[in-house]
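Encoded as structure tokens, the structure appears first; notes follow it.
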Amino acid sequence: MKKQSALTDTDLNDLIQRCLRRDVIAQKRLYDTFAPKMLALCIRYMGDREAGMDVLQDGFVTVFLKLRTYKGEGSFEGWMRKIFVNEALMVLRKNDALRYADKIDNVPAASIMQSNDDAVSRMGAKELTALIESMPPGYRAVFNLTIDGFQHDEIARMLGISSASSRSQLSRAREWLQKRIEELY
Amino acid sequence: MNEKDLYKLLQEKLDASVEMPDASVWDGIRSKMARRHRMMVVRRVSFISIAAAAVLAAGLFIFRGDEVTTLPSTPSIMAESILPETETPADQDVIPMTEQIAGITSSGVTAQQVKPISRPTTPDLDKLAEIPPVISDEVVKEKVVADIVVSDNNLVADQVVVQEDKPATGPEIREWDEKDLDAILGTEDPVHRKFKKNTSLFAISSNISQVASKDGLIADLGPKYAPSELGTPFESQSIIPFDDEPQFDIPLSFSLQFKQAIVPRLYIGTGLVYTYLHTQYSAMINMEQQPNVSSQLHYLGIPLHLSYNFVDRPRFDAFVSAGGMVDKCIMRRYVYGSTDRREKVEGVQWSLNVGLGVEYWFVQHVGIAFKPSVAYYFDNDQPLSIRTNQPIQFNLELGLRFRM
């Protein structure tokens, strides 16, 4: 697959219109443009490449089928991200991978993370991705959703848990991450 | 750095992360899109067909009275038909009731000209029994009256009143024979009617096999033919299916058929049947493995079958049929990766089938049919399809029938 150059808004709109007319060449171009980023996102949520590629495949089918619902409000990439995140969560839910530990030690977030700020700043995208991929699935979903800008209320709704659970899972994720960073650096 | 900044930093770093997917992902997307599109088309066609059939059925049900009203069914018409407007000699040839009514109607007789008749709202069967027969030797007439009681109470009441008002000394009452009654009730000999007047049938139907998946009811029943590429152009021999579990879509058939009665109840039929077969499998193509090869086969077949109506009613038939069909693959299309190949297939596919069906006629000329059947497909060196993998196929045929 060739790596595509960035699309201008006009090109993107044209591509979307052609995709709506089931133009296979346009669909392939859209795929080539966004697949690498979306695959990285899928792998981050799923924890491994094979599962990530399965989600990528289903996600693109959904993108093409639901393309008509994209009204041009907000970024197209953001709209696609939501679809892929949703697909990933559906698979995780189906695989029963979103079960959480009930009890949680409430560790203040700032105290955990501040000590590793420098380490995080120094880490590359690949290292960070690898670190997140190795997180237990339950924490990983909440942590990824938080990074992707979702609020606890939204996360709770998406995962079918309470807001309190979402917060506690995030705390656990941070704790887990801190330990791993301490081990590595 | 606060928590928000930290997450922003993480997001920026992770957004820059990219992974190149394998080529098979795009093949999978195309294959899934094609399957969804096909399912959508099938759903739309099915929905439109069902809606059209429902509208047609409703319309025909509402207006089906046309067939029966060739004979009187309302009180006024009945009165017209029985009250003699002109003197008819007793020795005059009996005129069939239908013709007499037609004559009366065409001669401009209106309900106002007919002697008013008081009609009870409900028939009094006991009272009816007390009425002495006007013509004592008319056993048939008594039978007719009794039958009418069962079928149409208002009709009986009218007839009774007429008999009271005007003793039937002429030939009119004698005309009520069983043929007239059959015509009124639609119970005339259907074989006679169909065979004599309507000898042809057109059927438009679709055929959905119920065992079209590898998990089908009879997936392991019968032989499995080795997928053959024989009889195809040389170029396509490079496509060699090797998948142990190919995915078969439901085969779809659309047919236009014609059947002709050769003797009462026995029909010979033929027509044109289009069948679409889709299979997804892995194959070696030019010595390279292709995980998702989409094979689309388009067949055009000519069936020949005999059917026998073991139930033959005016509105309902049940029949058994047996016959064979020869199918010719008119086009084979392979889609894999970005390749789209169309080829011809040589040779033909022979098959035998037996079925059991029912037909319901809304009106004399239009009906619906339902026919489950079993077909056996012979090994005729045809490309891989559900027919080569499961030569014994259960089919379900639904369709509209038009009687000529």
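If you're matching them up, the sequences are chains A and B in order.
All the letters of the first sequence, read from the start, carry residue numbers 530 to 714 under the numbering used here.
All the letters of the second sequence, read from the start, carry residue numbers 474 to 877 under the numbering used here.
Ideal placement from N, C-alpha and C gives every residue a C-beta, glycine not left out.
- Per DSSP, the continuous beta strand (DSSP E) segment holding B/L829 begins and ends at 821-834.
- Contacts with chain A at 8 Å (Cβ-Cβ) include B/R509.
- B/V528 counts as exposed, since fewer than 16 other beta carbons sit within 10 angstroms of its beta carbon.
- Here B/N826 is not near B/S858, since their CB atoms are 8 Å or more apart.
- A/M582 has its alpha-carbon roughly 57 Å from the corresponding atom of B/N782.
- Under the Cβ criterion of 8 Å, B/G501 is counted among the residues facing chain A.
- DSSP places B/A791 in the uninterrupted beta strand (DSSP E) bounded by 789-809.
- Sequence-ordered contacts of the segment 656-675 of chain A with chain B read L657, T658, I661, T675 [C-beta pairs closer than 8 Å].
- The continuous alpha helix (DSSP H) containing A/V614 extends over residues 605-623.
- Listed as beta-bridge partners of A/D540 by DSSP are no residues whatsoever.
- Annotation: the continuous alpha helix (DSSP H) that includes A/G588 extends over 578-595.
- When the Cα atoms are used, A/D561 and A/A555 turn out to be separated by approximately 10 Å.
- With contacts defined as CB atoms closer than 8 Å, A/A580 and A/T658 fail to qualify as a contacting pair.
- Listed along chain B, no residue sits closer than 9 Å to A/K623 by beta-carbon distance, the nearest being about 17 Å off.
- Contact between the segment 823-837 of chain B and the segment 785-805 of chain B is present, with at least three C-beta pairs closer than 8 Å.
- Using a 10 angstroms sphere on the CB of B/S811, the tally of other CB atoms stays under 16, which defines it as exposed.
- Bounds of the beta strand (DSSP E) holding B/R814 are 812-816.
- Pairing A/L699 with A/F672 gives a Cβ-Cβ distance under 8 Å.
- For the 8 Å CB-CB criterion, B/V818 and B/R806 do not form a contact.
- Using a Cβ distance threshold of 8 Å, B/L773 and B/Y754 do not count as a contacting pair.
- Between B/I841 and B/R874, the CB-CB gap stays under 8 Å.
- Residue-level contact check: B/M757 does not touch chain A, since none of the beta carbons of chain A fall below 8 Å from its beta carbon.
- Counting of Cβ neighbours within 10 angstroms places B/E492 among the buried residues, the total reaching 16 or more.
- Sixteen is the threshold: when 16 or more other Cβ atoms of the shown chains lie within 10 Å of the Cβ of B/G872, as they do, the residue is buried.
- The beta carbons of A/M687 and A/L674 sit closer together than 8 Å.
- By the Cβ neighbour-count rule, A/V592 is buried, with 16 or more other Cβ atoms within 10 Å of its own.
- The Cβ of B/E816 sits no closer than 8 Å to any Cβ of chain A.
- Judged by DSSP secondary structure, A/P565 falls outside any beta strand (DSSP E) and instead within the alpha helix (DSSP H) spanning 553-575.
- Distance between A/G689 and B/L745, taken at the CA atoms: about 55 Å.
- In this structure the segment 496-509 of chain B does not lie against the segment 704-711 of chain A, because fewer than three pairs of beta carbons, one per stretch, are closer than 8 Å.
- The bridge partners DSSP lists for A/N673 come to none.
- Any Cβ of chain A closer than 8 Å to the Cβ of B/V498 would place that residue at the interface, and such an atom is present.
- For the pair B/L770 and B/Q484, the Cα-to-Cα distance works out to about 49 Å.
- Relative to B/K801, the option among B/A791, B/G828, B/A507, B/L750 whose CA is nearest is B/L750.
- Here the alpha carbon of B/S519 sits roughly 34 Å from the alpha carbon of A/N542.
- Apart from the 5 residues on each side of it in sequence, A/G607 has no Cβ closer than 6 Å to any other Cβ in its chain.
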